[in-house]
Each structure stands twice: as structure tokens, then as C-alpha cells.
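Working notes, structure below.
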Amino acid sequence: MRRTLLLLAVITNLLAASSACLAESRPRYGGSMRILLRHKVTSLDPLVESDDPATRDRIAGLMFETLTQIDSEGHARAKLASAWQAEAGNRVWVFTLRQASFHDHSEINSASVAASLRSVSPDWKITANSQQTFTIETPGPEPHLPELLALPRYAIIKRLPDGVILGTGPYTLAEWQTGEHVLLAANDDYWGGRPFPDSIDFRMGLSLREHLLERNLTLDHATEVGLDQLRPLEQAGQTVLLSRPADLLLVCFLDPGAKPRRAVDPRLREALSSAINRATINNVLLQRKGAPAGGLLPQWLTGWEFLFPASQDIERARRLRADAGTAQPLSLAYDSSDPVMKMVAERVAVDAREAGILVQTFGDLHSNSKSGQAALNADAILLRLTLGSLDATAALAELADELALPADTVSAIVKASHPEELVEIERSALADYRLIPVVRLPQALWLNSNVHEWQQLPNGEWRLDQLWVEGSR
Amino acid sequence: MLLRTRLLLLVSLSIAVSVGAVTWLIEARTHESFRQTEEERTNALVSQFRHEFDHEGEEITRGVDAVAASENMLRTVLELANGADPATYVSESAGYATAQRLDFLDLLAPDGTIISSAHWPARFGYKQRWFLDQSAPIPQQPFLQHIETSEGSTLAMLCVRTIQGHGNSYYLVGGRKLDAVLPALSTPSGLRASIYSSPGNGAGEMLGAEKDSKDSFDTAPLMPLVQKVLSQHSDTSSTVTWGGSQPRQEIVHAIALPGYAGQVPAVLLVGNSLEQEVALEHRIRDISLLIASVSVILGIIVSAFVAGRISQPVQDLAAATERIGQGNWDVHVDASASGEIGKLASAFNHMTQELTAQRERLVQSERVAAWRELARRLAHELKNPLFPLQITVENLLRARQIGPQEFDEVFRESTSTLLAEIANLKTIIGRFSDFSKMPAPELQSADLNSIVSGVVQLFQGQFSREPVPVRSELRLENVPPVAADPVLIRRVIENLVLNAIDAMPQGGKLTFRTRATEKSAVFELSDTGAGLTPEECERLFTPYYTTKQHGTGLGLAIAQSVISDHHGAISVSSKKNEGTTFHIELPLWENPASFS
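As you go down the protein sequences, you meet chains A and B in turn.
Everything in the first sequence is counted per my numbering, starting at 247 for the first residue and increasing by one.
Everything in the second sequence is counted per my numbering, starting at 2 for the first residue and increasing by one.
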């Protein structure tokens with residue numbers, strides 16, 4: 247009798263285990279995702295300045311949608327706009343909207359889209375042709391307008407009089423604690439179908455190291471990871487998603503006119519560029535996870551970055567330094583919340599010292615925002631710029647916007663129809679060595695083994711359309 | 002200066018010098034004691050520092066040894082020696098440094114290239130220059146060395162260990178910042194310590210106390226001291242005066258801290274404030290000043306009392322002596338004081354008594370002598386007329402024996418002679434009577450020059466008598482009015498003129514001079530006669546003394562009496578065969594009451 251009972255128990259367990267294995271192999275609705283973000287987000291509005299717009303856009307991308315989106319090949323695909331067509335030499339574009347509704351269940355239409363886009367680009371002439379079609383007339387030809395419209399800043403947002411902003415995305419805002427916590431709930435009426443998880447819980451300002459110390463890593467489903475933390479995770483056999491080396495670290499000399507700053511001798515800037523050993527930074531500090539950067543856009547995206555020199559020439563740096571004569575030490579600021587930035591900034595200072603250039607580094611928490619940069623008392627800043635798009639034009643336009651390049655440069659970017667034009671634009675932007683690309687590094691994400699279908703584009707952008715969590719129901 | 006004043010000054014000076022000497026002695030002893038204490042405190046602090054220094058060095062050595070001996074490190078070195086990519090080990094040192102609480106930990110390749118740096122990972126691939134530049138063998142003991150960091154140069158205590166990997170030497174350089182040693186020191190009150198870090202290139206800096214805190218050193222005034230230590234590699238000390246509103250002094254000991262290959266990368270500065278000593282010295286000085294002041298005041302009071310006891314009899318003696326000088330011989334001082342002063346007073350009293358007795362005896366003898374002289378003069382004066390009277394009377398007795406006619410003639414002549422001699426006797430008696438009846442002068446404002454001129458005019462006829470005329474010369478200056486009786490003064494001058502004429506039987510020159518002094522007028526009469534001997538001059542004013550054949554010896558005595566009654570003085574000076582000069586000094590007419 248006892249043997250029979252034991253046999254029955256074993257069979258029951260085997261059946262339960264096999265059914266569980268079958269169940270984990272297909273998507274399931276329900277469950278709550280918990281994602282740890284390293285940076286704090288103070289606003290979800292894409293038009294509000296942020297210390298870390300990339301993190302903001304990751305959350306906002308789940309609530310607010312753009313008319314188009316860029317796929318992993320860099321091509322524009324339909325999103326809220328189901329179709330589009332260019333007329334009159336790429337200056338007039340006609341878009342057709344799909345059937346979708348904002349989170350307050352109001353239908354999206356041409357008028358709401360026009361209102362949203364006008365707040366971003368006032369110089370566009372937007373005409374509603376019908377409920378579902380509208381025309382965008384740009385001042386000049388913009389052959390890559392659909393790709394540009396995939397940028398987060400062109401997200402379609404309904405702005406209510408009380409300041410509430412609504413999107414059409416798969417998730418709606420359920421809870422919001424500035425800089426601490428965001429809870430997004432699944433949008434049951436989403437035009438693309440309800441997402442699998444019931445909610446996504448974003449915890450901001452936390453690091454994997456802290457959770458490892460607290461021994462509650464298993465409670466999380468995804469965590470942003472710094473490159474300095476990759477090695478132990480990999481050694482431990484953890485799942486880590488790495489993007490292509492997309493984020494650009496570059497030294498940006500701040501505009502002397504924005505604040506009473508001294509102008510740095512161009513020869514000194516060039517000397518600094520020649521002194522930086524980008525290969526060592528990549529090989530040692532980034533453990534070969536990144537790539538030396540010579541241009542603004544990555545080689546793997548454009549294929550032309552090799553045209554911009556990225557190798558160290560210490561002798562040339564010393565000559566230029568000597569030509570520049572007496573110079574005060576340069577001050578270089580960096581984002582103190584990112585250990586990699588600190589290491590790279592210090593290495594830049596070490597390399598510069600070899601060329602006779604004294605560089606003093608210091609960390610600052612708000613160095614990524616424009617207002618933070620304006621308030622900085624530094625000659626230069628080490629910036630981490632995400633690759634905003636897998637389309638070169640849109641990506642360059644996004645970089646130009648973030649770097650506050652002159653309006654004619656931005657205009658030339660959006661008008662460019664050939665890669666050669668973008669090369670020249672990039673070359674001219676780098677010519678005076680106010681922008682010194684240093685290195686590219688990938689975005690890294692630790693994933694719990696119970697998370698499935700987490701998709702990441704080469705530039706680190708998240709695609710969570712098919713995301714589901716194991717063992718949710 | 003009075004004896005009392007001298008005594009007071011002497012006592013005060015003695016007290017001040019004594020207190021000053023004692024103060025100096027106390028200050029010197031205090032100074033010596035403080036310096037001794039200061040030396041002991043400094044030695045104790047330096048000893049404590051060395052202990053902490055050694056302790057820190059032992060901990061660093063232990064930590065670096067532990068890292069060098071760890072399996073992971075040995076494996077890392079072996080992998081590197083086998084050609085592993087050094088980039089893989091860029092973060093290797095950080096964990097070891099944290100575990101061993103090391104501020105610095107560098108893993109160096111055999112050629113000095115930094116493989117991994119805990120404090121400055123960004124320096125990967127560069128060579129550790131100070132390590133390569135040293136020609137000296139690698140020390141096994143901890144040493145001081147300036148380390149480059151991202152913030153600049155920092156003074157550190159380092160320890161180097163060599164790890165062998167397939168015949169190649171890899172180096173592990175670990176250490177801590179030296180400024181961690183100073184907070185471990187428990188500096189007693191008044192002491193402060195800091196380390197001056199002197200990198201090979203670049204400006205030095207002071208480690209230890211927070212800048213601008215009370216325990217921090219101001220670098221500039223200490224630079225000569227520090228430079229001396231750095232150049233001579235030996236300890237030294239100096240007293241430094243810090244500026245500010247209240248300057249303060251401090252003894253600063255500079256102790257060389259040895260580094261790698263005999264270098265001195267830092268100097269330990271131990272400051273010992275002299276505030277307490279200076280305050281105590283000031284206090285001693287103030288108290289000494291107070292004691293000196295009180296002592297001097299007390300000394301003055303006591304010495305005034307004592308000096309009074311001592312000097313009063315002396316002053317009494319001086320006053321008594323002065324009174325004796327003024328002619329008052331009836332003086333007696335208090336001889337009750339004890340000791341030498343009492344003996345002096347007794348001797349003085351005895352002396353005055355003896356002098357008084359001798360003077361009385363002298364007066365008595367002079368009186369007898371005067372009487373004898375008077376008797377002799379009287380006898381002489383009376384004998385002269387008496388002899389003719391005796392002869393005349395004897396002639397008359399003899400004439401009775403001759404004829405009546407002849408007798409009458411003799412009688413007539415004899416009576417005439419008798420009458421003449423009797424008249425002569427009357428004259429003599431009248432003169433003596435006049436001397437005894439000298440009238441008191443009636444003082445009034447008198448013009449001395451006019452009196453002299455009147456006398457000269459009176460005697461003008463006698464001066465021009467033949468055959469031996471006397472020349473007179475007047476040298477009269479402006480003389481203020483004198484307090485005198487003109488009649489008596491005129492008689493005195495007339496007497497002097499007569500004497501002078503008698504003194505020049507062969508004729509000569511008489512010179513009349515008048516002049517004024519501060520309080521008197523002087524009349525001088527000079528003749529060119531035979532002059533007088535000093536003995537004659539001395540006795541000239543004695544009554545009844547005369548050098549003339551027919552003088553009574555009363556003229557000059559009367560003159561002296563008159564002048565004396567005028568509160569004046571008369572004197573004579575003479576040189577034999579050159580002449581004689583009489584000097585008369587009369588008081589000026591200023592305050593008649595003073596003559597009364």
C-alpha cells in the first residue's frame with residue numbers, strides 16, 4: 247500500500263512538471279514585470295528636458311507612440327500611421343492614420359495628431375485632410391521625414407487642459423512617483439492587442455549592485471547594467487543583453503558664449519583629440535565591449551566612420567600642445583552616476599597628461615541636460631549620447647539636437663538625400679574639435695530567466711510588444 | 002644731594018636690582034624648565050609618530066604580502082607571464098586593495114607598465130615612472146613616496162613585493178596615504194603636528210590638519226626651515242613668530258621623513274606653542290613688577306624712617322655747625338642717638354663747649370691785653386705831657402733862687418708851658434672820651450660817589466701842598482644809593498685819607514674807586530706809600546694800635562666800628578713798598594628794615 251501510494255505520488259509529480267514545461271514554452275497573459283533603471287526620471291513628457299532622455303524615452307515609448315517606427319534594419323515601418331506618401335520633391339507628405347484611441351478612449355484623428363506635431367515642429371504646415379489623413383508640408387525637402395517621425399520627440403500626445411498627457415501606447419500610467427517609481431498598467435484597448443503582462447513596474451535610481459547586495463535579484467525581471475558589472479554576471483552565467491556599441495562618449499567643449507567661460511585654444515582641443523588612446527579605452531576599460539569612435543555615427547550603422555581618425559598620435563598632440571603655448575588646466579565634467587564615464591574621463595585626463603595637457607576631471611549629476619551643462623563651470627564635458635535611431639539621418643538629426651548644433655546644420659541633415667552629404671556634415675561638425683568622439687559602448691541589460699521575448703534593437707532600444715513573464719498565472 | 006635722598010635712592014635701587022635679579026633668575030629657570038618639558042613632549046610625540054608610522058608600515062606590509070601570496074594573484078601573474086591579455090586584469094587590484102584596506106595597489110609588469118591600478122584604473126598601460134627611475138634596489142621595508150593620482154600627487158607609504166612568473170618579475174606596489182597617520186596621533190594641548198609633503202616637481206603641501214583650522218600650519222613662514230631639512234637631510238628646529246593681531250611664538254621641530262633611495266619626500270613638523278611659557282613669563286614679570294613697586298614704596302618708607310633716624314642728628318650737627326659759623330657758640334645738639342652718630346653728637350657738644358671756653362679765655366686774655374695796651378698808651382700819652390710839666394715845675398723851683406726878673410720870665414714861660422701841656426692832656430682825654438661815646442648811625446639813602454667827591458674836594462688844598470704834593474685820581478662808577486649815615490661815612494673816609502697822606506711823606510698818588518656789586522657798593526682807597534707787612538695789616542684795626550709816632554691807634558678802630566654798625570665790612574690789603582688799599586663794602590639801599 248505504501249509502495250503504491252509512493253508510485254502515485256511520483257507519477258503525479260512527473261505529470262505536473264511536464265505540464266509546467268509545456269506551459270512555459272508559450273506566451274501567457276498576466277504577471278507584473280519589475281524593471282530596475284539606473285537613472286531617475288523626473289518627467290515622462292518627451293518634450294520636457296531630462297537628465298537622461300534615453301531612460302525617459304524607454305518608459306514613455308510604452309505609453310506614447312509615434313507615427314512610424316524604425317525596424318532593426320533601419321527602415322521606417324508603420325505605427326500609428328498606416329501609410330504615407332511623399333509629394334512635391336519630398337516636401338509634402340500625406341499620412342494615413344490607423345484606427346487607434348488615446349488612453350481616455352478618445353479616437354485618434356488628424357486634428358489631434360496635427361496638434362501634437364505642431365508643438366514639436368511649429369514650422370511645419372500640417373493640414374487635416376480627413377479624420378484619418380493629414381498632410382505635413384515642410385519648409386524644405388525632407389526625404390527622411392518618416393524616419394524622423396519615429397524619434398520619441400514626435401510621439402503623438404494628447405495634452406489635456408489640466409496638464410495630463412495621454413498616449414495611445416500598450417500601457418497606461420497607473421502610478422507615478424517622480425524619480426522613484428512608475429507603474430504602467432496594460433492597455434486593454436490597445437489597437438495592437440493587449441500586452442501580455444498586466445503591468446510593468448519601473449524602479450528608478452537603483453543599480454544591480456545594490457540588488458545583489460540586498461539578495462533580492464530574483465524579484466526583478468530586468469535591470470540596466472553597467473559595463474563594469476558585465477564580467478561577474480557573465481561568469482555567473484546570467485542572461486545579459488548587449489546592444490551594438492551605439493552610445494557615443496564624446497568630449498564636448500562647452501560654448502564660451504553661454505557662460506563666462508574662457509575659450510580653449512583650437513590647437514589644444516586638437517592636441518587633446520590626438521592624445522586620446524581610444525583603443526586602450528575600448529580594450530581595457532570597456533573590456534572590448536565597445537568601439538573606438540572617430541565620428542558621430544557608428545561604423546556599423548553608416549559604414550563611413552573609418553573616414554574619421556580615431557588613433558592616438560601622441561607626438562602630434564605634444565607638438566600641438568607646444569604650439570598652443572601656456573595654457574591653464576582644462577576642466578572636464580562627467581556624469582558622476584556612471585562609473586564608466588568616470589573611468590573614461592580619467593583616462594582622457596591621463597592620456598592628455600602624456601601630451602602635456604593638464605585635465606582636471608570632476609563629476610556632476612546633471613551634466614547630461616542642457617540646463618545642467620549651461621550651469622557647469624567647466625571647459626568641456628564628457629557626454630554619453632544614445633543612438634536615437636537606426637536611420638543615419640534621424641540619428642544624426644537627434645545628435646545635432648542634443649548637441650545643439652547650429653540650425654543650418656540641422657536643416658542640412660534633414661535635407662540630406664545622399665550619404666556623402668551626411669559625411670560632410672559630420673566632418674564639418676567635428677572640424678573645430680569642439681566635439682571629440684572618444685568611444686562607443688553598448689547598452690547592457692540583465693534579464694531574469696523567466697522573462698521571454700524581450701527584444702532589443704542594435705541601438706539598445708527596447709521592443710516589448712511580445713514580452714511575457716513566465717509563471718504569472 | 003642730601004644724605005636722606007642718597008639713602009632713599011640707594012635703598013630703592015638696591016630693591017629694584019634685587020627684584021630684577023630674582024625675576025631674571027626665575028624667568029631663566031622657568032624658560033629652562035619649559036624648554037625641557039617641551040623637548041620631552043616633542044620627543045614623546047615624535048616617538049608616538051614613529052610608532053604609528055611603523056605600525057602603519059607593518060599593516061601595509063602585511064596587506065601587500067597577503068595579496069602577493071594569494072593564490073589568485075599568483076595565478077594572475079602566471080597567466081600574464083603566459084601571455085594573457087593584460088586588459089583582462091585592469092580591475093584586478095581594486096578588490097585586493099579594498100580587502101586589505103590599501104589606498105594604493107598597483108600591479109606592474111616587469112617593464113614597469115601598470116597592468117592594474119586600484120586607485121587610478123585609467124592609468125592602465127602607462128609606466129610607473131618613479132619606480133623605473135630608481136636605480137637603488139627595491140627596499141623590503143615600507144618607504145615614503147609621492148604617488149600620482151587623478152587628483153594630483155599624494156604622499157603615500159608604500160611597500161613593494163616582487164612576484165615571480167616564469168622567470169619574469171612582476172611587482173605589487175601597495176600603500177596608504179600618509180595623512181592617515183596623523184589623525185591617529187593624540188597631540189597634547191599646545192602641540193600640533195603636520196607633515197609637509199614635498200613632491201619632486203610641483204608645489205609642496207601641508208598634510209594633516211584642515212586648512213585654516215587652528216592646528217594647521219601656515220606654510221610660508223616655515224619654508225626656510227623645511228628647505229633646510231630637505232637640503233641637509235637632517236632634523237632641525239626653530240622658533241617661529243606667527244603674525245596677526247596678537248603675535249605668538251612657537252618652537253617648530255622639523256624632522257626629515259626618509260623616502261625611497263635616500264630621498265626626503267616629506268618633513269614632519271611638530272609645533273610647540275610658547276603661549277603658556279610667554280604667558281607665565283609675562284605673569285612673572287607682572288608679579289615681579291608689582292613686588293618691586295611695593296618693595297620700593299615700602300623701602301622708601303622704611304628707609305625714609307631709618308634715614309631720618311640716621312640723618313637727623315647729622316642735619317642737627319650741620320645746623321649747629323652753621324650756627325657756630327654765624328657766631329652763635331652757644332649750641333648744643335641732641336646726643337641721645339646710639340652708635341657713631343651719638344658719639345659724633347657728644348664729640349660735637351664737647352667741641353663746642355671747649356671752643357666756647359677757649360673763646361672766653363681768649364676774650365678775657367684779649368681784654369687784659371687791651372687793658373694793658375690801654376694802660377701802656379695812657380701811660381705813654383700821659384707821660385709825654387707829664388715830663389714837660391715836671392721839668393717846668395722843677396725849673397720854677399730852681400728859678401726862685403735866681404733874680405726876680407729872671408724868675409718872672411721863667412715863670413711866664415713855665416706857666417705857658419704848663420697850660421699848653423695841660424691842654425694837651427685834655428685833648429688826649431677828649432679823644433679817649435670820643436671813642437667811648439661812638440654814636441649809632443642814622444641810616445639813609447646816601448650817594449657814595451658824592452660823599453667821596455666831597456672828601457676829595459675838602460682835602461684838595463692839602464694834596465697840593467709843597468714840596469711833596471699828592472696826586473689824587475677818581476675812578477667812580479655808577480653806584481646805586483647805599484644805606485649809610487653820610488656824616489659818619491665821611492668821617493671814616495676822611496680818616497683813611499689822612500692816614501694815606503701820612504703814609505706818603507714823600508708824596509704820591511691817591512686813587513679813589515667806587516663800584517657796585519650785586520648787593521653792595523664798594524669804596525677803595527689806594528695809596529703809593531711804603532705799604533704794610535701782613536702782621537701790621539692783621540693788627541691794623543685793633544684799638545690803640547698805631548704805626549705812627551703820634552697816633553692814638555683809635556682811628557681805624559673807630560672806622561671799623563662805624564662800618565660794622567652799617568652792616569658793612571672794611572679790610573686792608575697791602576704790599577710792602579708798593580702801597581696800601583682799604584676796601585669798604587656798604588649794603589645798598591633796598592630794604593631799610595633789614596638793617597634794623
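Think of the CB as a built atom: it goes at the ideal place given N, C-alpha and C, for glycine as much as any other residue.
Here the structure is a predicted model, which means the values were calculated and not measured.
For residue i, does the count of other Cβ atoms within 10 angstroms reach 16, so buried, or fall short, so exposed?
| i | result |
| --- | --- |
| A/E231 | Since the displayed chain A opens at 247 and closes at 719, residue 231 of chain A lies outside it and no answer follows. |
| B/L133 | exposed |
| A/R461 | Model confidence at A/R461 stands at a pLDDT of 45, short of 50, so the residue's coordinates are unreliable and nothing is read from them. |
| A/R304 | buried |
| B/T163 | exposed |
| B/F583 | buried |
| B/D86 | exposed |
| A/F552 | exposed |
| A/D493 | buried |
| B/D219 | exposed |
| B/N500 | buried |
| B/I298 | exposed |
| A/G540 | buried |
| A/H349 | buried |
Since I believe residue j is in contact with residue i (beta carbons under 8 Å), could you give me their beta-carbon distance rounded to a whole number of angstroms?
| i | j | result |
| --- | --- | --- |
| B/L489 | B/L587 | So it is not a contact: roughly 11 Å between Cβ atoms. |
| B/L179 | B/S195 | The Cβ separation is near 11 Å, so there is no contact. |
| B/V265 | B/V253 | So it is not a contact: roughly 17 Å between Cβ atoms. |
| B/L173 | B/L108 | 6 Å |
| A/A306 | A/A401 | 7 Å |
Excluding the 5 residues preceding and the 5 following residue i in the sequence, name in chain order all residues of the same chain whose CB lies nearer than 7 Å to its CB.
| i | result |
| --- | --- |
| B/F460 | V498 |
| B/R42 | P189, L192 and N273 |
| B/Q277 | G191 |
| A/L651 | A675 |
| A/L479 | V471, V486 and W692 |
| A/L268 | At A/L268, the pLDDT of 47 sits below 50, so the modelled position is not reliable; the number obtained from the coordinates is stated separately. Counting only Cβ-Cβ distances below 7 Å, and skipping sequence neighbours, we find nothing. |
| B/E206 | S198 |
| A/A374 | S356, A357, A360 and F380 |
| A/E724 | The displayed coordinates of chain A run from 247 to 719. Any statement about residue 724 of chain A would go beyond what the structure contains. |
Quick one: what's got a C-beta closer than 8 Å to residue i's C-beta in the same chain, skipping five residues either side?
| i | result |
| --- | --- |
| A/Q702 | L487, S489, Q689, L691, W708 and R709 |
| A/D298 | H285, K286, V287 and N614 |
| A/A640 | I316, H390, E393, L394, A396, L397 and G634 |
| B/L79 | G166 and H167 |
Short of 6 Å in beta carbon distance, which residues of its chain neighbour residue i, apart from the five on each side in sequence? Order them along the chain.
| i | result |
| --- | --- |
| A/R280 | D447, D466 and H467 |
| A/P443 | G277, M279 and V715 |
| B/I148 | F105, T155 and A157 |
| A/G706 | S489, A492 and Q689 |
| B/F547 | Correcting the residue identity first, residue 547 of chain B is Thr in this sequence and not Phe. Taken in chain order, the residues that qualify are G554. |
| A/Q345 | none |
Beta strand (DSSP E) runs contained entirely in the stretch 681 to 719 of chain A, provided each spans 3 or more residues: 681 to 687 and 690 to 693
Inter-stretch contact at 8 Å, needing at least 3 Cβ pairs: the stretch 112 to 126 of chain B / the stretch 520 to 534 of chain A: yes
The stretch 299 to 314 of chain B in contact with the stretch 37 to 55 of chain B per 3-pair CB rule at 8 Å: no
Whole alpha helix (DSSP H) elements within the stretch 404 to 472 of chain B, 4-residue minimum: 405 to 437, 449 to 459 and 461 to 464
Segments of 3+ residues assigned as beta strand (DSSP E) that fall wholly inside the stretch 539 to 597 of chain A: 576 to 581
At least 3 beta-carbon pairs within less than 8 Å: the stretch 583 to 594 of chain A vs the stretch 561 to 571 of chain A: no
The stretch 425 to 443 of chain A in contact with the stretch 540 to 552 of chain A per 3-pair CB rule at 8 Å: no
The stretch 366 to 374 of chain A / the stretch 316 to 329 of chain A touching (three or more Cβ pairs under 8 Å): no
4 or more residues per run - each alpha helix (DSSP H) lying fully within the stretch 323 to 388 of chain A: 356 to 364
Sufficient close CB pairs (3 or more, under 8 Å) joining the stretch 652 to 660 of chain A to the stretch 331 to 341 of chain A: no
4-residue-minimum alpha helix (DSSP H) runs that sit fully inside the stretch 302 to 367 of chain B, ordered along the chain: none
Ordered list of beta strand (DSSP E) runs contained in the stretch 386 to 432 of chain A, each at least 3 residues: 417 to 423 and 427 to 432
Contact the stretch 564 to 572 of chain A vs the stretch 516 to 526 of chain A: 3+ CB pairs below 8 Å: yes
Complete alpha helix (DSSP H) runs within the stretch 623 to 659 of chain A (minimum length 4 residues, chain order): 638 to 648
Uninterrupted alpha helix (DSSP H) stretches inside the stretch 128 to 182 of chain B (no shorter than 4 residues): 130 to 134
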